[in-house]
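Peer 1: Sending over a structure as structure tokens; questions will come in a sec.
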Amino acid sequence: MGVKFKDIVSSEEIRFEDLNGKVVALDAANVIYQFLSSIRQLDGTPLKDQNGRVTSHFSGILYRTSSLVEKGMKPVYVFDGRSSALKKETQQKRKEIKEESERRWKEALEEGRLDDARKFAVRSSRMSPEIVEGSKKLLKLMGIPYIQAKGEGEAQASYMVERGDAWCVASQDYDCILFGASRMVKNLTISGGQASPELIQLNKILKNLDVTRQQLVDLAIMVGTDFNQGIKGIGAKKGLKLIKKHGDIYHALEHLDVELDVDPDILRDMFLNHEVESHYQLKWQKANPEEIVEFLCREHDFSEDRVLTAVDKLKKLETTQSSLEQWF
DNA sequence: CGATGGCA
DNA sequence: TGCCATCGG
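Note that full-length UniProt numbering has the first sequence beginning at 1, numbered continuously upward.
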């Protein structure tokens with residue numbers, strides 16, 4: 001998932017207080033997928049309502065969002081739009097892994113191997129249109145804005161940081177730095193325990209590695225992204241050396257005597273000139289406790305006490321005003 | 001994952 | 001109060 005840059009990007013640990021008052025653009029797909037993967041029982045079964053509909057993502061969105069608000073952040077969720085045809089191969093591969101994982105989950109369950117069951121269940125997580133629509137509905141009732149991207153959500157979120165409408169992108173993937181996000185935050189989890197939030201700044205990465213953003217994109221293309229396979233045997237470190245030695249991907253490829261499956265120019269264009277939605281408005285509104293209870297408790301069997309406690313935390317937003325609000 | 005409750 | 005196991009849906 002995402003470009004494998006872990007070995008070359010530096011990050012700094014931050015505290016939640018550092019994000020007080022900041023607009024945080026959350027990559028919705030990334031966040032929801034995390035919830036679907038991890039909010040499960042020991043045997044891997046996700047949370048479900050009485051009708052058997054998965055509710056893990058509702059739990060995650062409700063509790064994490066309300067906690068972020070309580071800590072002073074202004075969250076905005078960014079949903080994926082159409083995905084590039086270039087992503088087809090990755091999507092097909094993921095689909096196969098998920099199907100295989102689901103099969104092995106059931107198999108492990110029958111044989112009583114609980115650890116394996118959970119492991120494969122996590123890998124089998126899938127985000128259906130129903131899950132996306134339900135998530136949007138919940139956010140709306142909570143008064144939390146969401147943006148529908150035209151293309152990749154990461155690209156849209158990065159654009160919002162570039163415009164100054166958001167302070168950072170929150171994601172676990174490094175893709176947003178390729179899309180030009182000047183700041184991204186990893187591990188924006190509440191009970192992080194070990195993993196506290198990490199701030200990753202594009203200009204610091206470029207300075208540390210001594211490359212341009214274009215070169216960083218070229219490097220990603222060599223290493224492989226969700227949109228292309230990359231070159232076998234080339235990881236972030238080796239690729240970085242090659243890009244620095246030869247200047248760009250075309251010259252590096254000449255010296256390696258290999259060809260890519262996709263024209264680098266097409267991928268460069270995707271990362272550097274991604275189609276985005278520029279007409280949007282960020283507005284945090286009062287939560288609607290009655291309708292949230294109707295939706296989560298009546299329709300999806302959540303506990304009213306727990307839901308109302310979380311919803312109460314959203315009141316913090318009513319006292320703060322978006323700096324943007326003055327413009328509208 | 002995040003909330004909750006029991007226990008020191 | 002803080003830590004940890006387990007519950008949530």
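Note that CB positions come from ideal geometry on N, CA and C, so glycine has one too. Since the model is a prediction, treat every value here as computed from it, not as a measurement.
#1: Going straight from the alpha carbon of Leu209 to that of Cys168, what length do you get?
#2: Could you have a look at Lys150 and say whether DSSP puts it in helix, strand or coil?
#3: Hey, Asp218 and Gly2: beta-carbon distance below 9 Å or not?
#4: From which residue to which residue does the alpha helix (DSSP H) around Glu277 run?
#5: Taking Cβ to Cβ, would you say Leu178 is nearer than 9 Å to Thr212?
#6: Lys238 to Leu202, Cα distance in whole Å?
#7: When DSSP builds the beta bridges, which residues end up paired with Asn208?
#8: Quick one: grab the DSSP three-state call for Pro145.
#9: For Pro129, count neighbouring C-beta atoms within 10 Å of its own C-beta (all shown protein chains included) and say buried if the count is 16 or more, exposed if not.
#10: Distance, Cα to Cα, Trp105 vs Val132?
#11: Taking the alpha-carbon of Asp175 as reference, which of Lys150, Phe271 and Lys232 has the nearest alpha-carbon?
#12: Does the contact criterion of 3 or more C-beta pairs under 8 Å hold for the segment 56 to 63 versus the segment 30 to 38?
#13: If you run the structure through DSSP and keep just helix, strand and coil, what is Val161?
#14: What does a CB cutoff of less than 8 Å around residue 350 pick up in its chain, not counting 5 residues either side in sequence?
#15: If contact is defined by three or more beta carbon pairs under 8 Å, each pair taking one atom from either stretch, is the segment 96 to 112 in contact with the segment 71 to 79?
#16: Is the segment 185 to 199 touching the segment 283 to 295 in the sense that three or more CB pairs, one from each, lie closer than 8 Å?
#17: Within the chosen definition, does the segment 18 to 31 reach the segment 149 to 156 through at least 3 CB pairs nearer than 8 Å?
#18: Can you give me the Cβ contacts of Leu242 inside the same chain, cut-off strictly under 6 Å, excluding the 5 residues immediately before and after it?
#19: Note down, in chain order, each residue of its chain lying with its Cβ closer than 7 Å to the Cβ of His246, except the 5 sequence neighbours on either side.
#20: For the beta strand (DSSP E) that Arg183 lies in, which residues bound it at each end?
#21: From the DSSP output, which residues share a beta bridge with Cys176?
#22: Using only alpha-carbon positions, find the residue among Asp80, Asp7, Asp115 and Gly21 that is nearest to Thr45.
#23: Consult DSSP for Leu260 and reduce its assignment to one of helix, strand or coil.
#24: Taking the CB atoms as reference points, tell me whether Ile8 and Glu198 lie closer together than 9 Å.
#25: In its own chain, which residues sit with a C-beta less than 7 Å from the C-beta of Asn30, not counting the 5 before and 5 after it?
#26: If you draw a straight line from the alpha carbon of Phe302 to that of Lys315, how long is it in whole angstroms?
Peer 2: For this structure:
#1: 21 Å
#2: coil
#3: no
#4: Premise fails: Glu277 is in no alpha helix (DSSP H) and is neither H nor E.
#5: no
#6: 20 Å
#7: DSSP lists no partner for Asn208.
#8: coil
#9: exposed
#10: 24 Å
#11: Phe271
#12: yes
#13: helix
#14: Any answer about residue 350 is impossible in this case: the structure gives the chain only from 1 up to 328.
#15: no
#16: no
#17: yes
#18: Ala252
#19: Ala252 and His255
#20: Arg183 to Lys186
#21: BP columns for Cys176 are empty, so no partner.
#22: Asp115
#23: coil
#24: no
#25: Ser171, Gln172 and Asp173
#26: 20 Å
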